[in-house]
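Taking it in order: structure first as structure tokens, then the write-up.
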Amino acid sequence: MTDAERIYQLMVVTARADETVDAREARVMAGIVNDTATLQELGDRAALSRAARSLLERKGLSAAVRDLATPISAANSRLLAIRCCARVLAADGVVADAELEVMGQLRRCFGYTVEEIETIISRQD
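For the sequence shown, my numbering begins at 353 and goes up steadily by one.
Pasting the structure below:
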């Protein structure tokens, strides 16, 4: 699986973390894919979404995030994952505890501090 596929699946897991996918979250995800060269080459997004949902159902939120995030080693891909998930998290205007857990897991998997995460999110280049 490519980093781009993992990042897309992390966005799906973020959107589904609170057990509902708001239409605004879906629109933000589509916009991110359209605006991000790294993600524009994704293949079957429906299949990636199904796989992410299945992983989430089988393993639970924390383990699903760890399984998807841990293999991402490129610094630019890690930054992109944080930024994409943060945008999805904020899309519906409601930040659920489960969605915050996604960001916490990403922080731990990637070895960032809370301050570094805040800086990464604030620099949405």
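In this text, a Cβ means the ideal position worked out from N, Cα and C, and glycines have one as well.
All values derive from a computational prediction rather than experimental measurement.
Straight-line Cα distance separating residue j from residue i
i	j	result
valine 373	alanine 367	5 Å
arginine 439	alanine 433	10 Å
leucine 407	valine 417	9 Å
alanine 448	threonine 390	28 Å
methionine 353	isoleucine 472	24 Å
isoleucine 384	serine 429	14 Å
alanine 415	phenylalanine 462	14 Å
alanine 426	glutamate 377	26 Å
arginine 405	arginine 397	12 Å
arginine 402	glutamate 409	10 Å
glutamate 468	glycine 456	12 Å
Expected contact under 8 Å - CB spacing of residue i and residue j to nearest Å
i	j	result
leucine 400	tyrosine 360	5 Å
valine 380	alanine 443	4 Å
Neighbourhood of residue i by C-beta, 7 Å cutoff - its chain only, sequence neighbours within 5 removed
i	result
leucine 458	Val417, Ala421, Ala433, Ile434 and Cys437
isoleucine 424	Asp355, Arg358, Arg430 and Ala433
Cβ neighbours of residue i in the same chain (closer than 8 Å, five flanking residues each side left out)
i	result
asparagine 386	Gln392
valine 454	Leu362, Val365, Thr366, Ala369, Leu413, Val417, Cys437 and Leu441
leucine 394	Ala356, Glu357, Tyr360, Val385 and Leu400
lysine 411	Asp419
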